[in-house]
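Engineer: As they're listed, the protein sequences go chains A and B. Following this note's numbering from start to finish, the first sequence increments by one per residue and tops out at 976. Following this note's numbering from start to finish, the second sequence increments by one per residue and tops out at 275. For each residue, glycine too, the CB sits at the ideal point set by N, CA and C.
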Amino acid sequence: MNINLDELRSFASDKLDANVPKGENPELLWKERRFEYKLVSPLNRKKFNVIVVGTGLAGAGVAAALGELGYKVDSFTFHDAPRRAHSVAAQGGINAGRVKKVDNDSIKRMVQDAVKGGDFRGREEDCYRLSEESVRVIDHLNAIGAPFAREYGGALATRSFGGVQVSRTYYTRGQTGQQLQVAASQALLRQVNAGSVKLWTRKEMLDLIVEDGRAQGIVVRDLVTGAITAHTAHCVVLATGGYGNVFFQSTLAKNSNPTAAWRAYKKGAYFASPCFIQFHPTALPINSPWQGKTTLMSESLRNDGRVWVPVKPDDTRDPNTIPDEERDYYLERKYPAYGNLAPRDISSRAAREQIEAGKGVGPLKNSVYLDFRDAIKAKGKKVIAENYGNLFHLYTDATGEDPYITPMRIAPGAHFAMGGLWADYNQMSNLPGLFMGGECSNNYHGANRLGANSLLSASVDGWFTLPYSVPNYLAKYLGKPVLDADAPVVREAVAKVKADEEKLIAIGGTKPPAYFHRKLGKTLYKYCGVSRSVEGLTEGIRIIRELRDEFWRDLRVLGSTNEFNQDLEKAARIADYLELAELMCVDALDRNESCGAHFREDHQTEEGEAMRDDANWQFVSAWEPGPGGTYIRHDEPLSFKHIPLATRNYK
Amino acid sequence: MKLTLKVWRQVGPRVQGRYENFDVEASPDMSILELLDQVNEKLVEDGQEPIAYDSDCREGICGTCGITIDDVPHGPKRNTPTCHQHMRSFNEGATVKLEPFRSAAFPVVRDLVVDRAAMERVLMAGGHVAVNAGTAPDSDTQFSTHQAAETALDFAACIGCGGCIAACPNGAAHLFAGAKLEHFRWMVQPSFERGKRAMAVVNKIEEEFGPCSTYGECAEVCPASIPLTAVAAINKEKLRASVRSKDD
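This is how it looks when you write it as structure tokens:
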């Protein structure tokens, strides 16, 4: 089979408009936009129904906030409880532009760090909103129960994160995501108790219902009984997380998946920058084929840990016996201004470079050291334990090794998806009535996300963006009922989902879903991973298509659709992965430049750094399914009026 | 290493269950869940339905996983979640019993999967703070000592797995509920509802869970190492709230 990019994709004729507010002062744009938004009287809010899918930081936030305001919300999670959303696993911290210290931080600097960190492939206006609202996020989450670390004098403590030279990351040890998620899900439960939010657990969204050109409902499967039902509303908010799990071994949870977003894509919501996947530089390495995931070790560790490899390749000595002169602290050497806190894409590529040069350590020689020897000596074990205690415990639980004694071994692992459903400045899709919060949209982070900005963007979306932009959309539907549960489009959607589920069982092949997931993950790591090439991506597309054919021929799912059936759940998600993976490779093949985490070997500087092509590629690629299995690319041009375009230099 | 897994199978909540034996081959570095993943793939290849069990993050933070292994909720390694129980804890040739968390409050859904919604009902009753989005004061002016923040986090670290309830001979939820009361009482704004919350939470756990006899089995299995002192919070906070008769 011949893979020809020009036959695979075509271009839309007009440019995408992100509805960005126009104004001279970027720090006033969000305020001005909020004044433009329509309101709904408190007396009318209970007449509106909103569906929120996902109960992570963004989902629980928007559901709780809208419930507090008086709207009627239906909140869906496929977990057994709202607290389980994978936001809970984020570790290191949440950024905020509170600008209290004298380290010379400012809103503009926070924006610059995010825009530059994203390699100028995300909207700068969104980052102004992100930074401005970050202040209220910390205040709110502190008030509702997140016990942020405090200095001895009583004020909030902070630490630094990759890609910045100030300290603006607020944290709760190495379990910040957990504390924010617990607080947010508890706020959601308060509204459930108050009666404004109805919570549906163990219900997985399997399709979006679109009628009159707008999103008006979802189809869900009850994971216990298998029953397929439809729920309609005045609008739908997706807060369903990222798709890193397409790599099989990633820092994501086993159930994390993009099915809700992918079905929205198939119903008309554009999917942006699918190939922008971040490989977190400090994940646990893959040690064996049966390993379930690459556990995340927080970037905050790089505040105190020093990254190194032995100078000599194939050096298998105990790391504690290797003297400093025989160690290459390569991040400190290559990027002196940021050292061990170089941004993630730069750090992952640097690690990969060392590993490919034969200097990788560990039994499979696929990792590098993160060493706390010097920090423990300088600050003492007690301080290190207070800052990272649970992370060191997690490392020991996972590997059996003690990082207080032996350096941690870490390696790049698939992590955050900067790509996702395309969202405008109001967090709405090109498909009216479909809103997004958190990682499932493509906003803020461009081609590379800075650490501690994801907890922030999810929280800003949930608590301080969607509660303004959703009512603005709802206002024009005052007096209109929700789509009738008996409407033909609803009955058809339910019937189609039922048929799709039966189809998976009917294949009756020989291989369980995990077999396809594993193979897909391996293929993506190889051909659409930290580094990409034209030949590799082309081969990747070929293998993915073959694997997809094999899936539909030889999948085996036992049991039936009318019961608790985890293999059926997995199979439906993997069917979507097998399509998304192809689009990821097409996007990577299409984008003829290197930017952020998207590194094309044929577009690099002499020093091996990413080489952007702003003249030709300064836009967001937003994809739509085309005829005959092809793809149509919509372009959202990007302009940088306030943060000057620059080559990222972390030296 | 070779072992036999003795696994509880139950097709639905109201169907009689039974144990099934599986002879398996494991690597000592595998976690029990990684082993179950392998066992399930083999079962499906042999045309048999896989074993159902809950898991998600595989890192010990989401609280989703929970298997009672050889009569101990989560497994033989103390204060470690099921997803981090590794096969190196077991002996060659052993028979390892796997059951769902056993508690009247946790009806079985299928095989090793249970319904823990009772815990959410406790949180719904009082595990929250009455502050609406946007109305919070500046957190830098809402002072907290370093120690209070660290103590609050020690109790807030609960992952909501229910291992404590499964371990308790009385089926009490005192460690879970007490941890939540202690978490909030060390924080400024949450403590404005201290008394109100205590009455609501204690009344709710008395409805759905058993009484505490301070056996201490809970603290032995808790993956977040919540201190046993959390159970004392239930009686202490209820008494305090009853005597004070105030919301805070």
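Which residues of chain B have a Cβ atom closer than 8 Å to the Cβ of A555 of chain A, listed in chain order?
Structural biologist: Per Cβ cutoff of 8 Å: no residues; A555 of chain A is ~24 Å from chain B at best.
Engineer: Could you check whether V141 of chain B and V149 of chain B sit closer than 8 Å to each other, using their CB atoms as the reference points?
Structural biologist: Not in contact: V149 of chain B and V141 of chain B (Cβ atoms no closer than 8 Å).
Engineer: Just verifying my parser: in three-state terms, what is the DSSP assignment at S272 of chain B?
Structural biologist: Three-state result, S272 of chain B: coil.
Engineer: Which residues in chain B have a C-beta closer than 8 Å to the C-beta of Y852 of chain A? List them in chain order.
Structural biologist: What Y852 of chain A touches in chain B: nothing, since even the nearest Cβ is about 25 Å away.
Engineer: Output yes if chain A places a C-beta closer than 8 Å to the C-beta of P164 of chain B; else output no.
Structural biologist: It does; some Cβ of chain A falls within 8 Å.
Engineer: Are the region 182-196 of chain B and the region 219-235 of chain B touching, with three or more C-beta to C-beta distances below 8 Å?
Structural biologist: No, they do not touch.
Engineer: Indicate whether S598 of chain A and M743 of chain A have their beta-carbon atoms separated by less than 8 Å.
Structural biologist: For S598 of chain A and M743 of chain A, yes; Cβs fall inside 8 Å.
Engineer: Enumerate in chain order the residues of its own chain whose CB-to-CB distance from K265 of chain B is below 6 Å, with the five nearest sequence positions on each side excluded.
Structural biologist: So the list reads A225, V229, once near-sequence residues are dropped.
Engineer: Please work out which residues of its chain come closer than 6 Å, Cβ to Cβ, to E918 of chain A, disregarding the five sequence neighbours upstream and downstream, and give them in chain order.
Structural biologist: Cβ neighbours of E918 of chain A beyond the five flanking positions: H928, R937, D938, W942.
Engineer: What does DSSP give as the partner residue(s) for F760 of chain A in the beta ladder?
Structural biologist: Paired residue(s): A:V562, A:M753.
Engineer: Run through chain B and tell me which residues come within less than 9 Å of F889 of chain A, C-beta to C-beta.
Structural biologist: The contacting residues are V38, G39, A79, V136, R137, D138, V140.
Engineer: In this structure, does DSSP put K340 of chain A in helix, strand or coil?
Structural biologist: Note: K340 of chain A maps to coil in three-state DSSP.
Engineer: Which term fits L791 of chain A, buried or exposed, when burial requires 16 or more other beta carbons within 10 angstroms of its beta carbon?
Structural biologist: Label assigned to L791 of chain A: buried.
Engineer: Return yes when the Cβ of I59 of chain B is within less than 8 Å of the Cβ of M114 of chain B, no when it is not.
Structural biologist: Yes, these two residues count as a Cβ contact at 8 Å.
Engineer: Under three-state DSSP, which class holds H1056 of chain A?
Structural biologist: Given that chain A is displayed from residue 326 to residue 976, the structure contains no residue 1056 of chain A and the question cannot be resolved.
Engineer: Would you list the residues sitting across from I534 of chain A in a DSSP beta bridge?
Structural biologist: I534 of chain A is bridged to A:G542.
Engineer: Who are the near neighbours of H842 of chain A in its chain, counting only those whose CB is closer than 8 Å to its CB and skipping five residues on each side?
Structural biologist: Result list for H842 of chain A: F573, K895, I899, Y902, in chain order.
Engineer: So with Cβ pairs under 8 Å, would you call R282 of chain B a contact of chain A?
Structural biologist: Look at the range of chain B in this structure, 28 to 275, and you will see that residue 282 of chain B is not part of it.
Engineer: Using only the alpha-carbon positions, how far apart do R958 of chain A and V345 of chain A sit?
Structural biologist: Near 20 Å, if we compare the C-alpha coordinates of V345 of chain A and R958 of chain A.
Engineer: What are the residues in the region 452-474 of chain A lying within 9 Å of chain B by C-beta distance?
Structural biologist: Those residues of the region 452-474 of chain A that come within reach of chain B (Cβ to Cβ, closer than 9 Å) are V460, R461, I463, D464, H465, L466, N467, A468, I469, G470, A471, P472, F473, A474.
Engineer: Leaving out five residues on either side along the sequence, give the residues of the same chain with a beta carbon under 8 Å from the beta carbon of T82 of chain B.
Structural biologist: A small correction: the amino acid at residue 82 of chain B is Ser; Thr does not occupy that position in the sequence shown. Only L60, T91, C92, T109, C110 meet the Cβ criterion.
Engineer: Interface residues of chain B around A839 of chain A at Cβ under 9 Å?
Structural biologist: Here the neighbours are D64, N67, E68, V71.
Engineer: Look at the alpha carbon of G189 of chain B and the alpha carbon of R143 of chain B, and state the distance between them as a whole number of angstroms.
Structural biologist: For G189 of chain B and R143 of chain B, the distance between alpha carbons rounds to 7 Å.
Engineer: By a C-beta neighbour count over all protein chains shown, 10 Å radius and 16 as the cutoff for buried, is L803 of chain A buried or exposed?
Structural biologist: Exposed is the call here.
Engineer: Since Y956 of chain A is in the alpha helix (DSSP H), which residue starts that stretch and which ends it?
Structural biologist: Taken as a continuous stretch (DSSP letters only), Y956 of chain A belongs to no alpha helix (DSSP H), being part of the beta strand (DSSP E) at 956-962.
Engineer: Along the chain, where does the alpha helix (DSSP H) containing D643 of chain A start, and where does it finish?
Structural biologist: Run containing D643 of chain A: none; DSSP gives neither H nor E here.
Engineer: Quick check on Y477 of chain A - is its C-beta less than 8 Å from some C-beta in chain B?
Structural biologist: Yes, Y477 of chain A counts as interfacial toward chain B.
Engineer: Let me confirm a value: Q43 of chain B is counted as buried when at least 16 other C-beta atoms fall within 10 Å, else exposed. Which label applies?
Structural biologist: It counts as exposed.
Engineer: Do A530 of chain A and F401 of chain A have their C-beta atoms closer together than 8 Å?
Structural biologist: The identity of residue 530 of chain A in the sequence shown is Met, whereas the question assumes Ala. It is a contact, given that the beta carbons lie within the stated cut-off.
Engineer: DSSP state of K895 of chain A, grouped into three classes?
Structural biologist: Helix, per DSSP.
Engineer: Apart from the five residues just before and just after K528 of chain A, which ones in its own chain have a Cβ nearer than 8 Å to its Cβ?
Structural biologist: Cβ neighbours of K528 of chain A beyond the five flanking positions: F401, T402, F403, V545, R546, D547, L548.
Engineer: What first and last residue would you give for the beta strand (DSSP E) that runs through M114 of chain B?
Structural biologist: No beta strand (DSSP E) holds M114 of chain B; DSSP gives it neither H nor E.
Engineer: From the beta carbon of A179 of chain B, is the nearest beta carbon of chain A less than 8 Å away?
Structural biologist: Yes, A179 of chain B lies at the interface with chain A (some Cβ there is under 8 Å from its Cβ).
Engineer: Using 10 angstroms around the beta-carbon of W877 of chain A, count the other beta-carbons present and answer buried if the total reaches 16, otherwise exposed.
Structural biologist: Classification for W877 of chain A: exposed.
Engineer: Could you check the C-alpha separation between S318 of chain A and Q75 of chain B for me, to the nearest Å?
Structural biologist: Residue 318 of chain A is absent from the model: chain A starts at 326 and stops at 976.
Engineer: Among A:W355, A:K702, A:C600, A:F336, whose alpha-carbon lies nearest the alpha-carbon of Y850 of chain A?
Structural biologist: It is A:C600.
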